[in-house]
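**Q** Residue numbers (full-length UniProt numbering): 63 to 412.
Glycine is no exception: its CB is placed at the ideal position from the N, C-alpha and C atoms.
These numbers were taken from a predicted model, which means no experiment stands behind them.
Got a structure for you, written out below as structure tokens; questions coming shortly.
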Ligand code: C2O
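As structure tokens, then:
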């Protein structure tokens with residue numbers, strides 16, 4: 063059997079929030095109706111296909127538009143499910159397990175299992191459409207931060223507190239010491255990583271990418287994470303796929319402000335999505351799913367329990383819908399594609 067949509071009307075305190083903030087609440091507004099199943103419409107000629115491009119290639123025009131979209135989102139009343147607060151709370155709700163699985167006492171956790179990739183893909187799908195709707199521009203898309211390429215290992219300029227003229231794309235809760243154009247994302251970051259020269263870090267990064275997408279990710283289970291079925295608990299790192307561990311978790315940790323409780327924003331689940339850079343980080347991970355699939359021999363799960371696993375999201379109309387993990391596997395059906403960019407680590411056999 064598959065994991066059902068969470069029981070949204072019974073919302074608990076988040077699990078795993080630092081002691082200093084234990085009363086943080088992040089429950090979504092409860093709709094007065096039964097959320098209907100949303101399946102991506104069958105694509106037809108003339109449909110708009112959004113192209114997600116690299117964050118580093120964004121020009122001023124794009125950046126000011128993205129900033130405007132986020133400002134509009136931040137201005138929506140906090141109880142509006144499309145507001146920035148509520149968008150960020152989605153992450154806390156699903157990742158600090160405030161809901162139970164329907165008909166079960168097990169909490170619903172979207173990490174550390176095969177739910178990780180489809181959950182975040184749907185999350186970005188609706189987030190992007192809400193931004194586009196606020197702008198009144200159907201072609202508007204998110205960008206992805208391709209820190210796996212040596213030319214873009216620094217925080218993308220538009221999101222950088224040091225470089226960006228756009229407050230709406232920044233947060234005060236980021237590690238300021240890494241926010242400069244010559245910084246090198248540490249894709250294997252951990253609390254005791256020593257400072258390294260750029261060249262050493264770049265070759266570590268290639269190793270991380272090669273291991274997480276090729277060497278250690280030959281099966282769907284290795285790449286996506288362990289299966290999660292109703293009533294099962296999957297709250298530890300043990301169930302996570304290769305990319306979720308690195309570079310996903312590591313980049314989160316690298317970005318968080320080390321002197322704020324829990325390494326906010328990016329270093330802790332409940333606060334991570336308060337940083338607009340979260341969405342560019344996750345677009346990158348979403349793109350890495352496509353990259354993994356494009357490598358010969360890599361095959362996605364063929365398992366009804368995966369395909370039918372469900373999530374709930376508010377769409378761009380502010381209406382709650384139910385979606386299935388299996389419907390997320392084709393980005394073109396979801397109306398977007400990624401710009402094709404170089405992946406030099408593919409040749410960097412460790
Ligand atoms: Cu839901 Cu980057 O984690």
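Should residue 88 be counted as a contact of the ligand C2O given a C-beta to heavy atom distance under 7 angstroms?
**A** Residue 88: no, Cβ never under 7 angstroms from the ligand C2O.
**Q** Out of 77, 110, 216, point me to the one whose CA is closest to residue 118's CA.
**A** Among 77, 110, 216, the Cα nearest to that of residue 118 is on 216.
**Q** Quick check: the Cα distance between residue 192 and residue 112, rounded to an integer number of angstroms?
**A** Straight-line Cα distance between these residues: approximately 14 angstroms.
**Q** Do residue 302 and residue 361 have their C-beta atoms within less than 8 angstroms of each other?
**A** Cβ atoms of residue 302 and residue 361: not closer than 8 angstroms.
**Q** Whose C-alpha, out of 251, 207, 206, 241, is nearest the C-alpha of residue 223?
**A** When only C-alpha atoms are compared, the closest one is 241.
**Q** By DSSP's criteria, residue 374 is part of a beta bridge. Which residues make up the other side?
**A** Answer by DSSP bridge pairing, in chain order: 384.
**Q** How many whole angstroms separate the CB atoms of residue 220 and residue 226, which I take to be in contact at a CB cut-off of 8 angstroms?
**A** Contact flag correct, Cβ pair sits at about 5 angstroms.
**Q** Check this for me: beta carbons of residue 286 and residue 170, under 8 angstroms apart or not?
**A** Not a contact, by the Cβ cut-off of 8 angstroms.
**Q** Is residue 242 near the ligand C2O - that is, is its Cβ less than 7 angstroms away from at least one heavy atom of it?
**A** No, the beta carbon of residue 242 sits no closer than 7 angstroms to any heavy atom of the ligand C2O.
**Q** Run through DSSP, which three-state label would residue 312 get?
**A** Three-state DSSP puts residue 312 in a helix.
**Q** Which term fits residue 99, buried or exposed, when burial requires 16 or more other beta carbons within 10 angstroms of its beta carbon?
**A** It counts as exposed.
**Q** Answer yes or no: the CB of residue 174 versus the heavy atoms of the ligand C2O, is any distance below 7 angstroms?
**A** Incorrect: residue 174 has no Cβ contact closer than 7 angstroms to the ligand C2O.
**Q** If you measure from the CB of residue 153, is any heavy atom of the ligand C2O nearer than 7 angstroms?
**A** Yes, the ligand C2O has a heavy atom inside 7 angstroms of this Cβ.
**Q** What residue range does the alpha helix (DSSP H) around residue 151 cover?
**A** It spans 146-157 - the alpha helix (DSSP H) in which residue 151 sits, taken as one unbroken run.
**Q** For residue 171, which three-state DSSP category applies?
**A** Residue 171 falls in the coil class under three-state DSSP.
**Q** Determine, using beta carbons only, whether residue 70 and residue 161 come nearer to each other than 8 angstroms.
**A** Yes. Within cutoff.
**Q** Can you name the start and end residues of the alpha helix (DSSP H) that residue 192 belongs to?
**A** Per DSSP, residue 192 belongs to the alpha helix (DSSP H) from 178-197.
**Q** With contact counted as at least three CB pairs below 8 angstroms, one residue from each stretch, are the segment 342-350 and the segment 193-210 in contact?
**A** The segment 342-350 vs the segment 193-210: in contact.
**Q** Do the segment 131-149 and the segment 243-256 make contact, defined as three or more Cβ pairs closer than 8 angstroms?
**A** The answer is no - the segment 243-256 does not touch the segment 131-149, with fewer than three Cβ pairs under 8 angstroms.
**Q** Residue 211 and residue 404: beta carbons closer than 8 angstroms?
**A** In this structure, residue 404 lies closer than 8 angstroms to residue 211 by Cβ.
**Q** Considering only heavy atoms of the ligand C2O, does any lie closer than 7 angstroms to the CB of residue 279?
**A** No, since every heavy atom of the ligand C2O falls outside the 7 angstroms radius drawn around the Cβ of residue 279.
**Q** Would the C-beta of residue 230 count as close to the ligand C2O, meaning under 7 angstroms from any of its heavy atoms?
**A** Answer for residue 230: no, Cβ out of range of the ligand C2O.
**Q** Rounded to a whole number of angstroms, what is the C-alpha to C-alpha distance between residue 101 and residue 389?
**A** Using only the alpha carbons, I get a separation of about 7 angstroms.
**Q** Contact between the segment 128-147 and the segment 347-358 is defined here as three or more beta-carbon pairs at a separation below 8 angstroms; is this criterion met?
**A** In short, these stretches do not touch, since the Cβ pair count stays below three.
**Q** Determine whether the beta carbon atoms of residue 247 and residue 316 lie at a separation below 8 angstroms.
**A** Closer than 8 angstroms, so yes.
**Q** Since residue 161 is in the beta strand (DSSP E), which residue starts that stretch and which ends it?
**A** Its beta strand (DSSP E) spans residues 161-163.
**Q** Run through the DSSP bridge pairs and tell me what residue 361 is partnered with.
**A** Residue 361 pairs with nothing; no bridge assigned.
**Q** What are the boundary residues of the beta strand (DSSP E) that includes residue 113?
**A** First-last of the beta strand (DSSP E) with residue 113: 112-116.
**Q** Please state the DSSP three-state secondary structure of residue 340.
**A** If DSSP states are grouped into helix, strand and coil, residue 340 belongs with the helices.
**Q** Would residue 387 and residue 368 qualify as a contact pair, given that the criterion is a beta-carbon distance under 8 angstroms?
**A** Taking 8 angstroms as the Cβ cut-off, residue 387 and residue 368 qualify as a contacting pair.
**Q** For residue 271, I'd like the list of residues in its chain whose CB is within less than 6 angstroms of its CB, leaving aside the five on either flank, ordered along the chain.
**A** Same-chain partners within the cutoff: 210, 407.
**Q** Once the 5 residues before and after residue 397 are set aside, which same chain residues still bring their CB inside 8 angstroms of it?
**A** The answer, listed in chain order, is 102, 105, 109, 110, 111, 112.
**Q** Nearest by alpha-carbon distance to residue 107: which of 394, 318, 412, 410 is it?
**A** Of 394, 318, 412, 410, the residue nearest in Cα terms is 394.
**Q** Among 284, 179, 380, 370, which one has its Cα closest to the Cα of residue 350?
**A** With distances taken between Cα atoms, residue 350 lies closest to 179.
**Q** Does DSSP put residue 329 in a helix, a strand or coil?
**A** Three-state DSSP puts residue 329 in coil, outside helix and strand.
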